[in-house]
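The numbering of the sequence shown is this note's numbering, which starts it at 41 and goes up by one. Cβ atoms here follow ideal geometry from the backbone N, Cα and C, with glycine treated the same way. These notes are about the structure you will find just below.
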Amino acid sequence: MNLWIAITLIAGLVLVFGLFAAAVYNRLVGLGTSCENAFAQIELQLKRRYDLIPNLVECVKSYMAHEKSTLESVMIARNQAAAGLKQAAEQLQNPDALQAWIGAETALNGALVRLTAVIESYPTLKADKSVAGLTEELTSTENRIAFARQAYNDWVTGFNSNRQTFPNCLVAGLVGFGRNRKQLEFAEGQKLAEAPRVSLA
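Take a look at the structure:
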């Protein structure tokens, strides 16, 4: 009789633990999917930004023939950021891939800030409607990227909090969620929050 009671209790505990582990797993999968969806929104806006940059460079190239190195550095930084984004999107839970992409984005932002400063020193560019339109689109895209990045960081915070809270932390590692996701924090956060602008006034 005692043996049957012990077996029943153990089976009951195993069942309760299994149900709890499944609930934790399902919740973390749901939050992880939301993180990936939020990152896809960032990716969408960044691809738009990467498409706008060559157009802007092409528009200003004829005005800035002797600024070739500035234009080349923008394109190199843009290509490195695009490659970093592709790798980060494929390995979203790899903090090294995210960090490499964040470094490339920071370099691209610096190159765009330098390009903006050079553009402002050319009065003829201030009257160019194509340049004005492209810089306005870039500014708008930068704002969308900032909002998408904030949404992603919010989902990551929710995922990490859920994974770390008790009693979830007891089983999260056992069901395949052994580490936190990394938030997108840029070294020049303030500069990235403020989109590069060209004064056309």
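- Any idea what DSSP makes of G218, helix, strand or coil? For the purposes of this step, residue 218 is identified with residue 178 of the sequence shown, where counting begins at 1. DSSP places G218 in coil when its eight states are reduced to three.
- Query: Mapping DSSP to helix, strand and coil, what is D168?
  - Reply: Here the question's residue 168 lines up with position 128 in the sequence shown. If DSSP states are grouped into helix, strand and coil, D168 belongs with coil.
- Is F187 helix, strand or coil when you go by DSSP? Walking along the sequence shown from the start, residue 187 turns up at place 147. Of the three classes helix, strand and coil, the one that applies to F187 here is helix, per DSSP.
- Do F60 and V211 come within 8 Å of each other at the CB atom, strictly closer than that value? In the sequence shown, residue 211 corresponds to position 171, counting from 1. In the sequence shown, residue 60 corresponds to position 20, counting from 1. Contact annotation: V211 and F60 have beta-carbon atoms nearer than 8 Å.
- Query: Are there three or more Cβ pairs, one per stretch, closer than 8 Å when the segment 183-198 is compared with the segment 146-161?
  - Reply: Flag = no, the segment 183-198 and the segment 146-161 do not touch.
- Message: Between which residues of its own chain and N202 is the CB-CB distance below 7 Å, once the five residues before and five after are set aside?
- Response: Indexing the sequence shown from 1 puts residue 202 at position 162. A distance below 7 Å between beta-carbons, with the five flanking residues on each side excluded, links N202 to the following residues of its chain, in chain order: R67, L68, L71, N208.
- Task: Would you identify the three-state DSSP class for Q230, choosing helix, strand or coil?
- Result: Residue mapping note: residue 230 aligns to position 190 of the sequence shown, counting from 1. Per-residue confidence for Q230 stands at a pLDDT of 43, beneath the threshold of 50, marking its modelled position as unreliable; the derived number appears in the next sentence. Of the three classes helix, strand and coil, the one that applies to Q230 here is helix, per DSSP.
- Assign K252 to one of two classes, buried (16 or more other C-beta atoms within 10 Å of its C-beta) or exposed (fewer than that). Past the boundaries of the shown model lies residue 252; the chain is included only from 41 to 241, so the question cannot be answered.
- By DSSP, does T205 sit in helix, in strand, or in coil? The residue labelled residue 205 in the question sits at position 165 within the sequence shown. DSSP, reduced to helix, strand and coil, places T205 outside both helices and strands of the structure shown, so it counts as coil.
- Task: Between the Cα of C99 and those of I185, K126, L55, T164, spot the shortest distance and give me the residue it belongs to.
- Result: Looking up residue 99 in the sequence shown gives position 59. Comparing Cα positions, the closest option is T164.
- Query: Between the Cα of A80 and the Cα atoms of I50, L132, S113, which residue gives the shortest distance?
  - Reply: Reading the sequence shown from its first residue, position 40 is the one you call residue 80. When C-alpha distances from A80 are compared across I50, L132, S113, the shortest belongs to L132.
- Task: Below 6 Å CB to CB, which residues in the same chain sit around A144 once its five sequence neighbours on both sides are set aside?
- Result: In the sequence shown, the residue the question calls residue 144 occupies position 104. If the five residues before and after A144 are omitted, its C-beta is found closer than 6 Å to the C-beta atoms of Q120, A121, G124, all from its own chain and listed in chain order.
- Measure the C-alpha to C-alpha separation of L96 and G58 and round it to an integer number of angstroms. Along the sequence shown, read from residue 1 onward, the residue named residue 96 stands at position 56. Along the sequence shown, read from residue 1 onward, the residue named residue 58 stands at position 18. So the alpha carbons of these two residues sit roughly 57 Å apart.
- Cβ atoms of A129 and E83: under 8 Å apart, would you say? As a position in the sequence shown, residue 83 is number 43, starting the count at 1. As a position in the sequence shown, residue 129 is number 89, starting the count at 1. For E83 and A129, yes; Cβs fall inside 8 Å.
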